[in-house]
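Count the sequence shown with the working numbering and you get residues 17 to 411, in order.
Below is one structure, written out as structure tokens; the observations come after it.
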Amino acid sequence: MAAVLPLRGVIRPYAWGSRNALAELQGRPAPTDAPEAELWLGAHPGDPSTVTGPDGPVSLAALIGDDPKGQLGAEVVDEFGARLPYLMKVLAAEAPLSLQAHPDAEYAKQAYAAQEADPQAPRNYTDAYHKPEMLVALTPFDALCGFRAPDVSAAVLEGLGIMRLAPVIAALRAGPAGLRDAVRELLTWPADDRTALIADVLTAARASGEYARSYTLAADLAGRYPDDPGVLVALLLNQVRLAPGEAIYMPAGNLHAYLSGTGVEIMAASDNVLRGGLTPKRVDVDELLRVLRFEVLADPILPATQVAPGVQTWPVPVREFALYRLELTPAGPPVSLPGEGPRIVLGVRGDVFVAEAVDGTPVEVTPGTAAYVPAETGPATVAGVGEVFVAAVAS
């Protein structure tokens, strides 16, 4: 039987990250010198985690590469190849992330192949995989997720009183069929009028009333991105505030943006991102429009399902990942680790032990630390007092 291994993730210092959240989670001094945006836990080649075994620290990607079937299980290798198919993160947003969407699996495969065959093609894709993702809030978490009803978006834009938005409002009045035209109209807005347009939005967004929450968002984004029509595209999306434990799911083609808060995120192991604004990075409007799904998302919040005492999950229609939340109490017995294949156990509260390590003792998991459970370990248990999240391959 293979042993459970302590796992150390990698922190990515994007500008939108928090100087407090990840440090406070891990018990380090805060604020930090630089923003800390994401704690990566997995074997993605961009920043693979490190595991500590009998021979010392080793990259999780290298460990899997040396023994794919032992680490992942034969079924996972047969379906996904010799790669961990998911990536787990703790995301800490102090400022808004870009408006973005991700391609579906077939499109990602074709688009990446076409890009690699043409050195002159725009470099939109980093790999050949899709990137559906889910986030569960650890703190109150604000996000934009999926298109809301177009008639509501039309009313919000109309309330700004900016006459030259009339074509966008008219497209939205046509219902879901007009969403593509509305988004295209905004993302291709004449460059020489963008600064003036967003200045007008900032002035008009001081209005209150029925759509005050949308206007507060518009004012905040306009102050950060004074020449970006993505400020207006943001007003076409559902504005969601998650309570701790609530989740949102972003399938292929879902336009979304995280605004603020800390959460546990899990996704298919890809870094394919197509941006639509609220970023200094490159925006490819035509490619984004090919990927987006212009569908109304009536209820962005994903309900949890109780699968055992103290164990929750959020079912999603993908094969690469499943995510579980375990609540361990002082009086409770050890809990069987849910999921199948290779699993990562992330601590977010308390002191939890995952059995068993190379020396026969359990691996301790405290807030912001993690353990890796190879597929060949088989059944394992967690015990202690606290809260952990478990990433696994969907069964």
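We treat Cβ as the ideally placed atom computed from N, Cα and C, and that holds for glycine.
Just to confirm my understanding: we take residue i, look at its own chain, exclude 5 residues before and 5 after, and list those with CB closer than 8 Å. What are they?
{"i": "R210", "result": "D243, D244 and P245"}
{"i": "L294", "result": "P112, L113, S114, L115, L237, R240, Y241, D244, G246, V247, A250 and A273"}
{"i": "M17", "result": "Only weak support exists for where M17 lies, its pLDDT of 48 falling under 50; the value from the coordinates is given anyway. Excluding sequence neighbours, M17 sits near E392, T393 and G394."}
Return helix, strand or coil for residue i, following the three-state DSSP convention.
{"i": "A137", "result": "coil"}
{"i": "P101", "result": "coil"}
{"i": "A387", "result": "strand"}
{"i": "S286", "result": "coil"}
{"i": "G25", "result": "coil"}
{"i": "R164", "result": "coil"}
{"i": "D243", "result": "coil"}
{"i": "G175", "result": "helix"}
{"i": "Q126", "result": "helix"}
{"i": "N36", "result": "coil"}
{"i": "D367", "result": "strand"}
Near residue i, which residues of its chain fall below 7 Å by C-beta distance, leaving aside the five closest residues on each side in sequence?
{"i": "P29", "result": "A50, P51, E52 and A53"}
{"i": "K85", "result": "V93"}
{"i": "T142", "result": "D287 and N288"}
{"i": "A77", "result": "A59, P61 and P64"}
Measure the beta-carbon distance from residue i to residue j and round it to whole angstroms, keeping in mind my assumption that it falls under 8 Å.
{"i": "G357", "j": "A396", "result": "With 8 Å as the limit, G357 and A396 do not qualify as a contact, their Cβ atoms being about 12 Å apart."}
{"i": "G58", "j": "I360", "result": "7 Å"}
{"i": "G355", "j": "V406", "result": "6 Å"}
{"i": "A235", "j": "L218", "result": "6 Å"}
{"i": "A285", "j": "P101", "result": "6 Å"}
{"i": "V299", "j": "L252", "result": "Incorrect: roughly 16 Å between the Cβ atoms, too far for contact."}
Within its chain, find whatever has a CB closer than 6 Å to the CB of residue i; leave out the 5 residues flanking it on each side and keep chain order.
{"i": "G194", "result": "A187 and L188"}
{"i": "G266", "result": "Note on identity: in this sequence residue 266 is Met, with Gly being the wrong assignment. The answer, listed in chain order, is E149 and H272."}
{"i": "E95", "result": "none"}
{"i": "A399", "result": "P350 and F369"}
{"i": "G384", "result": "L41 and Q42"}
Per DSSP, which one or two residues make a beta bridge with residue i?
{"i": "V338", "result": "According to the sequence shown, residue 338 is Ala rather than Val. In DSSP, A338 forms a bridge with A408."}
{"i": "D158", "result": "R257 and S276"}
{"i": "P84", "result": "Answer is none; P84 lacks a bridge partner."}
{"i": "P73", "result": "T68"}
{"i": "R291", "result": "Q116"}
Please tell me whether residue i has its Cβ less than 8 Å away from any Cβ of chain B.
{"i": "L353", "result": "No chain B is part of this structure, which consists of one protein chain only."}
Check your understanding: Three or more beta-carbon pairs under 8 Å between the stretch 214-233 and the stretch 166-177, yes or no?
Key -> By the Cβ criterion, the stretch 214-233 is in contact with the stretch 166-177, since at least three pairs of Cβ atoms, one from each stretch, lie closer than 8 Å.
**Study point:** Meets three-Cβ-pair contact criterion under 8 Å: the stretch 277-294 and the stretch 143-153
**Key:** Result yes; three or more Cβ-Cβ pairs closer than 8 Å.
**Study point:** Three CB pairs or more closer than 8 Å across the stretch 68-76 and the stretch 29-40
**Key:** Of all C-beta pairs linking the stretch 68-76 to the stretch 29-40, fewer than three are shorter than 8 Å, placing the two stretches out of contact.
Exercise for review: Decide if the stretch 113-131 is in contact with the stretch 304-317; the criterion is three or more beta carbon pairs, one per stretch, under 8 Å apart.
Suggested key: Between the stretch 113-131 and the stretch 304-317 there are three or more inter-stretch CB-CB distances shorter than 8 Å, so the stretches are counted as touching.
Point to revise | Any 3 or more C-beta pairs closer than 8 Å across the stretch 326-344 and the stretch 376-390 | key: Taking one beta carbon from each stretch, the stretch 326-344 and the stretch 376-390 have fewer than 3 pairs nearer than 8 Å; the two do not touch.
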